[in-house]
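Structure, as structure tokens:
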Amino acid sequence: MKKIFLVFVMFFFTQSMVAQELQNIYSVGNLSADLRANFNYQALESESFSTSQSEKSLFLAGVLSAVLPGAGEIYSESYIKGGVFLLIEAAAWYFNASYTKRGDDQTQFFKNYADSYWSVVRYAEWLNRFAKELDPINGKSNIIINPDISLKPWQRVNWDEVNVAEKSIKEFSHTLYPHGHQQYYELIGKYPQYNKGWDDADPYIKRYFDNLSPNFLHYSSLRGKANDYYNVATKAVLVVVINHLLSFADAIWTASNFNSELKTNLSLEKLELGFYSEYYPRFNFQLSF
5 MKKIFLVFVM FFFTQSMVAQ ELQNIYSVGN LSADLRANFN YQALESESFS TSQSEKSLFL
65 AGVLSAVLPG AGEIYSESYI KGGVFLLIEA AAWYFNASYT KRGDDQTQFF KNYADSYWSV
125 VRYAEWLNRF AKELDPINGK SNIIINPDIS LKPWQRVNWD EVNVAEKSIK EFSHTLYPHG
185 HQQYYELIGK YPQYNKGWDD ADPYIKRYFD NLSPNFLHYS SLRGKANDYY NVATKAVLVV
245 VINHLLSFAD AIWTASNFNS ELKTNLSLEK LELGFYSEYY PRFNFQLSF
């Protein structure tokens, strides 16, 4: 009888200890609250939580980089690539502005050079002198030249008469545009028929394509240099366009990669400790390639 009583006492004592431990874990002394806590606590065994950084919008990333290359990459936290695209954009616009300015300055320089050393009056005088010899059948030139030397050369001739004379000569390929026109400055340094308008050309020699004047050749190089500057500026704009397109596509890819690259899963792991269980967080770190 005594043995049975001792076993009963030991069992009761053990149960009290277990109850106390359980109470320490999830009991607040209120039966309703304890039941809810107990239920929620037991549910943690199978419950998992997921945590991750906010996903990036592919649309927004693409739009940002389409407007400003590199912005979409920075939005997607790819700062180095974003900086590279921004640097390319800035450099391209710098070269465009710089070489456009050089081209403009060079253009003004060769225009001043032309106005100083090429004269439509000399050209008209040469046409009056040799038009018939250059084209015995159709050639004719009767260009009236104003004798007032205080006027600019382009103010001393009738431009229509100059063009009529040019058209009458079969071997001529062009007619001169009015002074100040872009084609005016191009033609006088590009086609040998205008060689005789330069001040260092011999106006008494009929053959205009032989012995081109040094000023004609030098002027051609001045125009070529201006065109080279403008070509660089144009290529810089092409770089800008390509940079926008590449950054647009890369921003979408970068945002997509950001969304799938890092996945973090947080769950609670159950640990059995004799008469009770403990739960501790477990991180599952997954990299997707």
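Whatever position you read off the sequence shown (first residue = 1), add 4 for my numbering.
For each residue, glycine too, the CB sits at the ideal point set by N, CA and C.
Here DSSP, grouped into helix, strand and coil, assigns Ile256 to helix. According to DSSP, residue pairing for Ile149 in a beta bridge involves Val161. Excluding sequence positions up to five before and after Asn162, its CB lies within less than 8 Å of the CB of Ile147, Ile148, all in the same chain and listed in chain order. Bounds of the alpha helix (DSSP H) holding Asn100 are 83-121.
Tyr127: member of the alpha helix (DSSP H) spanning 124-138, first to last residue. Your pair Gln197 and Tyr212 checks out as a contact, with CB atoms roughly 6 Å apart and the cut at 8 Å. Per DSSP, Ile173 lies in no alpha helix (DSSP H) and is assigned neither H nor E.
Here the stretch 251-260 lies against the stretch 56-67, with 3 or more beta-carbon pairs under 8 Å apart. With respect to the 8 Å criterion, Asn150 and Ser172 are not classified as neighbours on the basis of their beta carbons. Taking 8 Å as the cut-off, the beta carbon of Ser217 is found closer than this to the beta carbon of Trp202. If the five residues before and after Tyr233 are omitted, its C-beta is found closer than 8 Å to the C-beta atoms of Tyr103, Thr104, Arg106, Gly107, Gln110, all from its own chain and listed in chain order. Residue environment analysis places Tyr189 among the buried positions, since at least 16 neighbouring C-beta atoms fall within 10 angstroms of its C-beta. By the neighbour-count definition (other C-beta atoms within 10 Å, threshold 16), Gly87 is an exposed residue. The beta carbon of Trp97 lies closer than 8 Å to those of Ala240, Val244 in the same chain, with the five residues before and after it left out. Take Thr179, set aside five residues on each side of it, and the residues of its chain with a beta-carbon closer than 7 Å to its own are Asn167, Glu170, Lys171, in chain order. Within the model, the alpha-carbon separation for Ala230 versus Val236 is close to 10 Å.
Rounded to whole angstroms, the Cβ separation of Asn263 and Lys60 is 6 Å, and the two are in contact under 8 Å.
Contact annotation: Ala255 and Glu93 have beta-carbon atoms that are not nearer than 8 Å. Restricting attention to Ala118, Asp119, Lys144, the CA atom closest to the CA of Trp130 is found in Lys144. Taking all protein chains shown into account, Lys200 has 16 or more neighbouring C-beta atoms within 10 Å of its C-beta and is therefore buried.
Comparing C-alpha distances from Val125 to each of His183, Tyr83, Lys136 shows the shortest one belongs to His183. Looking from the CA of Thr238, the closest CA among Ala128, Gly74, Ser154, Phe99 belongs to Phe99. Distance from the CA atom of Pro140 to the CA atom of Phe113, rounded to whole angstroms, is 39 Å. Spatial neighbours of Ile192 in its own chain (CB-CB distance under 7 Å, excluding positions within 5 residues in sequence) are listed in chain order as Ala118, Trp122, Tyr198, Gly201.
Excluding the 5 residues flanking it on each side, Glu165 has same chain C-beta neighbours closer than 6 Å at Ile147, in chain order. In summary, Leu155 is exposed, with fewer than 16 beta-carbon neighbours lying within 10 Å of its beta-carbon over all protein chains present. Rounded to the nearest angstrom, the Cβ distance from Asp204 to Asn219 is 5 Å, consistent with a contact under 8 Å. Exclusion of the five residues before and after Ser69 leaves Ala75, Gly76, Ser251, Phe252, Ala255 as the residues of its chain whose Cβ lies within less than 6 Å of its Cβ.
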